[in-house]
Amino acid sequence: MADSLILEVADFEHDVLTGIYSEETGKPQPLRFAITVRLKPLHRYDPDTSLDHSKNYMDLKFAASDALPEGVHFKLIEAVADHVCETLFLQDRRIEAVTVKIVKLAIAEAGEKIGITLHRERRE
């Protein structure tokens, strides 16, 4: 198996217009994101390896917040996850795969986690 580098952001919350909740209320619903990005790593990371040899974690948060078009209602939560994946693939050619897990916080009744996980591999 080849080496890989996994970067993660978990438990990031952002309000998004999506699903029946937003359709019925006209309000965005709170979503909890976990984003995992797989990159091909360098052969070695020395103490003085520069920051540009990895991915900025803030880019992962950006893809699940400010990169989502304001005022657009994503009927399916899968479309939100797909947009996050595409944003990250466009940002950085080094990204080989993206996994986005989204939990819909507004519809949980007893602390259960209701949502989806979408995994995309880069298509060349």
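Here our numbering is used: the first residue of the sequence shown is 3, the next is one more, and so on.
Don't be surprised by glycine CBs; every beta carbon is placed ideally from N, CA and C.
Assigned secondary structure, residue i (DSSP; H/G/I helix, E/B strand, else coil)
i: histidine 45; result: coil
i: aspartate 61; result: helix
i: leucine 7; result: strand
i: leucine 120; result: strand
i: leucine 53; result: helix
i: glutamate 15; result: strand
i: isoleucine 109; result: coil
Classification of residue i by the beta-carbon crowding that lies within 10 angstroms, buried from 16 upward
i: alanine 66; result: buried
i: valine 74; result: exposed
i: leucine 33; result: buried
i: glycine 21; result: buried
i: glycine 113; result: exposed
i: glycine 117; result: buried
i: lysine 106; result: buried
i: isoleucine 109; result: exposed
Sub-7 Å separation of residue i and residue j beta-carbons
i: valine 39; j: isoleucine 104; result: no
i: valine 82; j: valine 11; result: no
i: arginine 124; j: phenylalanine 91; result: yes
i: leucine 9; j: lysine 42; result: no
Whole-angstrom C-beta distance between residue j and residue i, which should lie under 8 Å
i: leucine 62; j: histidine 55; result: 17 Å between Cβ atoms; not a contact.
i: aspartate 84; j: leucine 120; result: 7 Å
i: alanine 69; j: threonine 89; result: 5 Å
Tell me the start and end of each unbroken alpha helix (DSSP H) in the segment 72-104 that is at least 4 residues and wholly inside, in chain order.
79-93
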